[in-house]
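Residue numbering for the sequence shown follows my numbering, beginning at 439 and increasing consecutively. In what follows, a single structure is set out as structure tokens and then discussed.
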Amino acid sequence: MAIFSVGLLFFLFFLVFLYFSRKKHYRIREKIGLKGPETHWLLGNLNGFIERKTKIGHDDAYDWFIELHEKYGETFGFFVGRQLDIIISNEEDIKEVLVKNFSNFSDRKEPEYMEGSSLSKSLFFSRYATGWKHSRVAISPIFSSGSMKAMFATVELKVDVFLNVLKEKSQRGERFDILEDFQALTLDVIAKCAFAIDSSCQTDRSDLFYVQAKEFVKNIDYRESWITTSGLFLQEFGSVWKYLYRFSGMAKPEKPLVQGLYDLYQRRMRGESSESVDLLNLMIQRNKRKQNADQKISEEEIVGNCFAVLLGGYDTSSTALTFLIYLLSKHPDVQEKLFEEIQNVKETCGINHDSIFGMKYLDAVYKESLRLYPPVYHAIVRVCLNDITIRNQFIPKGSCVTTMPYTVHRNEENWKNSNEFVPERFLDWNEKSSLKWIPFGVGPRICVGMRFAEMEIKTTVVRMMEKFEMSVDSEQPEMITECDGIVMKPKDPVFIQLNER
Numbered sequence: 439m440a441i442f443s444v445g446l447l448f449f450l451f452f453l454v455f456l457y458f459s460r461k462k463h464y465r466i467r468e469k470i471g472l473k474g475p476e477t478h479w480l481l482g483n484l485n486g487f488i489e490r491k492t493k494i495g496h497d498d499a500y501d502w503f504i505e506l507h508e509k510y511g512e513t514f515g516f517f518v519g520r521q522l523d524i525i526i527s528n529e530e531d532i533k534e535v536l537v538k539n540f541s542n543f544s545d546r547k548e549p550e551y552m553e554g555s556s557l558s559k560s561l562f563f564s565r566y567a568t569g570w571k572h573s574r575v576a577i578s579p580i581f582s583s584g585s586m587k588a589m590f591a592t593v594e595l596k597v598d599v600f601l602n603v604l605k606e607k608s609q610r611g612e613r614f615d616i617l618e619d620f621q622a623l624t625l626d627v628i629a630k631c632a633f634a635i636d637s638s639c640q641t642d643r644s645d646l647f648y649v650q651a652k653e654f655v656k657n658i659d660y661r662e663s664w665i666t667t668s669g670l671f672l673q674e675f676g677s678v679w680k681y682l683y684r685f686s687g688m689a690k691p692e693k694p695l696v697q698g699l700y701d702l703y704q705r706r707m708r709g710e711s712s713e714s715v716d717l718l719n720l721m722i723q724r725n726k727r728k729q730n731a732d733q734k735i736s737e738e739e740i741v742g743n744c745f746a747v748l749l750g751g752y753d754t755s756s757t758a759l760t761f762l763i764y765l766l767s768k769h770p771d772v773q774e775k776l777f778e779e780i781q782n783v784k785e786t787c788g789i790n791h792d793s794i795f796g797m798k799y800l801d802a803v804y805k806e807s808l809r810l811y812p813p814v815y816h817a818i819v820r821v822c823l824n825d826i827t828i829r830n831q832f833i834p835k836g837s838c839v840t841t842m843p844y845t846v847h848r849n850e851e852n853w854k855n856s857n858e859f860v861p862e863r864f865l866d867w868n869e870k871s872s873l874k875w876i877p878f879g880v881g882p883r884i885c886v887g888m889r890f891a892e893m894e895i896k897t898t899v900v901r902m903m904e905k906f907e908m909s910v911d912s913e914q915p916e917m918i919t920e921c922d923g924i925v926m927k928p929k930d931p932v933f934i935q936l937n938e939r
């Protein structure tokens with residue numbers, strides 16, 4: 439009884455301390471001249487998510503942030519629990535933070551609990567001062583145009599399997615959620631291209647590799663994971679979350695996935711050959727060519743980055759493909775224009791890596807789809823390493839600066855008729871001079887695998903267009919999207935009708 443009383447007293451004391459320290463901390467937003475939504479003493483501004491979901495029935499943080507920009511301006515303050523996020527959307531602010539002053543904003547915000555994950559050793563979260571630049575220099579050449587061309591044949595083979603699966607389902611008259619098939623395809627592609635692993639997940643959903651990857655991604659969703667939810671607003675526990683991670687829903691599927699990657703790495707180091715051009719093999723060969731130990735990347739970094747590529751290549755690419763195919767199915771005029779381009783290229787020079795990347799209308803469709811539906815809608819979050827003033831706005835050390843691709847892409851000042859699907863807007867667009875299209879991020883920490891994702895998505899679309907004419911299923915509801923904490927996805931299954939050409 440005495441122990442219970444002491445514990446209860448300690449808990450009450452902690453709540454009182456938390457209440458007053460948070461209230462004092464929240465004044466910082468006003469002190470630096472920023473507006474923002476009213477704060478909850480514990481959740482900060484996260485209570486807005488809860489209230490909005492209760493009101494409309496699903497999570498749409500991205501549309502909510504558009505409304506917040508309209509109410510508080512292009513720059514405002516938002517508290518994620520205790521953490522101050524300065525939300526920006528102006529193109530000049532984005533350039534100042536993510537490009538010109540990169541040295542002061544070089545680190546992504548890593549949730550404390552992720553320090554217990556192998557992802558903390560990857561390019562996702564590694565800090566500039568502790569090895570990010572070293573890993574980036576080591577890994578970037580692996581995604582060069584030469585490596586992409588070498589992997590192209592592998593991508594084609596996996597897409598062939600995918601097309602056969604679709605053909606069989608179509609002939610059976612089966613209604614199916616195409617997102618699930620894209621998830622199997624992208625995992626199969628990344629397993630082969632990154633690790634030379636042949637997965638059977640496209641034809642067998644009980645494939646262990648597929649089941650574990652899907653379970654891990656599912657538990658990143660704050661609706662499924664207690665550690666993701668609690669870690670968002672209880673930053674005071676600090677590194678304690680690192681040790682609690684092992685009890686989370688993410689840790690269970692991560693352990694066998696990462697152990698499998700370690701085992702594969704060890705087999706390769708012992709001399710097991712791989713004839714394919716894969717990510718793991720390329721990193722190992724690069725290490726062997728470097729004489730200086732400081733130029734090599736560690737075993738932990740290699741495995742961590744392999745795990746990051748696995749997850750990034752699986753979830754975001756499958757979602758991007760789903761939205762793109764949905765848009766084509768909704769717009770038969772665009773689909774017909776794209777089919778004509780594919781046929782002309784096929785007759786002129788054949789379908790290959792170079793001809794796919796040379797298709798201008800395909801590129802416009804690809805960019806417009808990612809403009810409307812950037813899978814990682816709030817990807818660009820950077821920690822301010824030192825006090826700094828940018829364009830008359832003071833940014834304190836330790837705060838985060840965030841820009842959301844979705845809000846930038848849906849801004850009428852950036853894109854006329856921003857909610858409409860108009861691929862033609864990209865036909866004469868100067869990509870190098872604009873920060874208005876940022877689905878892969880901006881600056882030195884831009885997504886290292888974006889060219890691979892582009893190759894995979896475009897190849898899949900071209901091959902699908904060759905085989906099928908697509909339309910929206912008669913029972914398909916209008917597209918409603920929701921967020922799972924990181925990735926924007928369709929709320930409902932996406933049923934596409936496929937008719938063989």
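Glycine included, C-beta positions come from ideal geometry on N, C-alpha and C. Source: prediction; values computed, not measured.
Would you kindly report the start and end of the unbroken beta strand (DSSP E) that includes residue i?
i      : result
Ser912 : Here Ser912 belongs to no beta strand (DSSP E), and DSSP marks it neither H nor E.
Pro928 : 926 to 928
Val839 : 838 to 841
Gly515 : 513 to 518
Does the Cβ-Cβ distance between residue i and residue j come in under 8 Å?
i      : j      : result
Ser585 : Val772 : no
Ala634 : Asn719 : yes
Asn743 : Ser573 : yes
Gly486 : Val518 : no
Ala576 : Arg684 : no
Thr592 : Cys631 : yes
Val880 : Ile532 : yes
Gly887 : Gly751 : yes
Glu970 : Trp679 : The question about residue 970 has no answer, for the chain in this structure spans 439 to 939.
Ile504 : Val839 : no
Val910 : Ser756 : no
His847 : Pro812 : yes
Ile722 : Arg706 : yes
Asp636 : Thr919 : no
Phe933 : Glu907 : no
From residue i to residue j, what does the alpha carbon distance come to, in whole angstroms?
i      : j      : result
Asn528 : Gln729 : 45 Å
Thr477 : Glu618 : 38 Å
Ala622 : Leu472 : 45 Å
Asp626 : Leu670 : 32 Å
Tyr648 : Ser555 : 19 Å
Ser656 : Ile924 : The sequence given here places Lys at residue 656; Ser does not occur at that position. So the alpha carbons of these two residues sit roughly 11 Å apart.
Ser558 : Ser608 : 42 Å
Lys734 : Met893 : 28 Å
Glu674 : Ile466 : 17 Å
Asn868 : Lys461 : 46 Å
Leu759 : Phe620 : 7 Å
Lys905 : Leu484 : 46 Å
Asp801 : Phe449 : 57 Å
Ile876 : Ser560 : 21 Å
Ile470 : Asn852 : 27 Å
Ala731 : Met552 : 27 Å
Arg520 : Ala746 : 27 Å
Phe451 : Tyr804 : 55 Å
Glu938 : Asp792 : 26 Å
Lys775 : Ser736 : 48 Å
Where does the unbroken alpha helix (DSSP H) through residue i begin, and where does it stop?
i      : result
Gly879 : From DSSP, Gly879 is part of no alpha helix (DSSP H); its letter is neither H nor E.
Glu894 : 888 to 905
Val715 : Val715 -> no alpha helix (DSSP H), and no H or E assigned at all.
Cys631 : 616 to 633
Asn989 : Summary: the structure shown does not reach residue 989, with the chain confined to residues 439 through 939, and so no result is reported for it.
Val932 : From DSSP, Val932 is part of no alpha helix (DSSP H); its letter is neither H nor E.
Cys744 : 737 to 768
Arg460 : 440 to 463
How should residue i be labelled, buried or exposed, when 16 other C-beta atoms within 10 angstroms of its C-beta is the threshold for buried?
i      : result
Tyr681 : exposed
Phe563 : buried
Ser578 : exposed
Leu595 : exposed
Cys921 : buried
Glu862 : exposed
Thr492 : exposed
Ile828 : buried
Asn824 : exposed
Gly676 : exposed
Phe442 : exposed
Val454 : exposed
Original post:
Is the segment 832 to 849 touching the segment 892 to 904, taking contact as three or more C-beta pairs under 8 Å?
Top reply: no
**OP:** Flag this pair as touching only if the segment 529 to 544 and the segment 817 to 826 have three or more C-beta atom pairs under 8 Å; answer yes or no.
**Re:** yes
**OP:** State whether the segment 692 to 711 contacts the segment 735 to 742, with contact taken as three or more CB pairs (one from each stretch) at a distance under 8 Å.
**Re:** yes
Original post:
Between the segment 764 to 783 and the segment 795 to 804, are three or more C-beta pairs nearer than 8 Å?
Top reply: yes
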